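Residue numbers (our numbering): 7 to 296. Have a look at the structure below before the remarks.
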């Protein structure tokens with residue numbers, strides 16, 4: 007494990023787009039497209055356009071994932087700014103920058119990758135107590151939305167097989183849904199840990215990161231003092247795409263608390279956290295796939 011300092015990310019979250027695709031995101035329910043509308047003027051209606059926000063009459067899609075090449079860039083990364091209520095997209099290949107307002111998407115947002123096809127943005131309507139996942143392609147166009155399977159599932163990730171996994175903060179239940187929101191499978195991460203290690207997990211669960219090599223890693227207990235934890239994250243659980251537990255890693259000796267995690271394009275994952283068990287974010291920690 008390597009550890010290095012980074013500026014505190016109080017309002018911004020940086021998300022890289024890994025170089026693999028989630029074809030099943032095309033199943034997300036399209037909403038907000040008026041019938042027969044053609045936003046980009048390429049003579050293809052938005053509902054049929056593989057990139058409704060950018061002019062592309064040829065509809066080229068080299069990786070055949072359902073998203074046009076002009077809004078399916080593996081060289082793009084995004085910055086989520088929760089203070090300015092916006093997402094800024096940077097494309098390293100073209101040098102272009104675009105900022106998209108997200109103030110209409112409820113509030114309290116987080117962001118995760120959806121492969122080459124862009125990002126997932128999650129928000130909460132507190133008045134109705136409803137979480138929603140929106141899919142944004144790399145041109146900044148909202149392509150669809152879905153209601154997550156679990157209300158406590160504030161941690162989520164898109165897997166290589168096109169499914170979404172969510173870790174329930176309160177119960178430790180982990181659900182897997184298809185791209186169009188159909189519940190596929192539910193497991194109990196805490197029970198998996200108890201059966202494998204004879205260690206009982208009592209406190210709130212932590213984040214999830216999808217891995218470019220396949221599968222994902224999940225924190226069964228965050229360890230934050232504010233949630234009754236010991237002041238550090240004790241374990242990392244590695245799962246396959248079909249939610250089978252592969253291995254459990256004990257990282258308690260590191261004495262670090264992992265709060266937000268994201269998979270890296272060429273392997274491993276990074277985590278934002280701290281070394282004192284608080285809710286503050288100071289160091290950026292890199293882990294490999296093992």
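The beta carbon of each residue, even a glycine, is placed where N, CA and C say it ideally should be. These numbers were taken from a predicted model, which means no experiment stands behind them.
- Around the beta-carbon of residue 63, fewer than 16 other beta-carbon atoms lie within 10 Å, marking it exposed.
- In this model, residue 191 and residue 135 are separated by some 24 Å (Cα to Cα).
- The shortest C-alpha to C-alpha distance from residue 113 to any of 265, 83, 101 and 160 is the one to 160.
- Secondary structure of residue 65 (DSSP, three-state): coil.
- Of the candidates 294, 276, 293 and 295, 276 places its Cα closest to the Cα of residue 287.
- Between residue 140 and residue 165, the C-beta spacing is not below 7 Å.
- Taking residue 215 as the centre and dropping the five residues before and after it, the same chain places the C-beta of 163, 222, 223, 267, 268, 269 and 275 closer than 7 Å to its C-beta, in chain order.
- Per DSSP, the continuous alpha helix (DSSP H) segment holding residue 203 begins and ends at 195-203.
- For residue 183 and residue 148, the gap between their C-alpha atoms comes out near 20 Å.
- Annotation for residue 57: no beta strand (DSSP E) segment contains it, and DSSP assigns it neither H nor E.
- Under the 10 Å beta carbon count, residue 108 is surrounded by 16 or more other beta carbons and is classified as buried.
- In the DSSP assignment, residue 127 falls within the beta strand (DSSP E) that extends over 125-131.
- Residue 257 is bridged by DSSP to nothing; it lacks a bridge partner.
- In terms of Cα proximity to residue 137, the closest of 189, 209, 151 and 74 is 151.
- The continuous stretches of beta strand (DSSP E) do not include residue 165, and DSSP gives it neither H nor E.
- Ranked by Cα distance from residue 265, the options 283, 217, 145 and 118 are led by 283.
- Judged by beta-carbon spacing, residue 271 lies beyond the 7 Å limit of residue 219, meaning their Cβ atoms are not closer than that value.
- Of the other Cβ atoms in all chains shown, fewer than 16 fall within 10 Å of the Cβ of residue 131; this residue is therefore exposed.
- Across the set 233, 262, 248 and 247, the C-alpha of 262 shows the shortest separation from the C-alpha of residue 241.
- When secondary structure is reduced to three states using DSSP, residue 285 falls in the coil class, being assigned neither helix nor strand.
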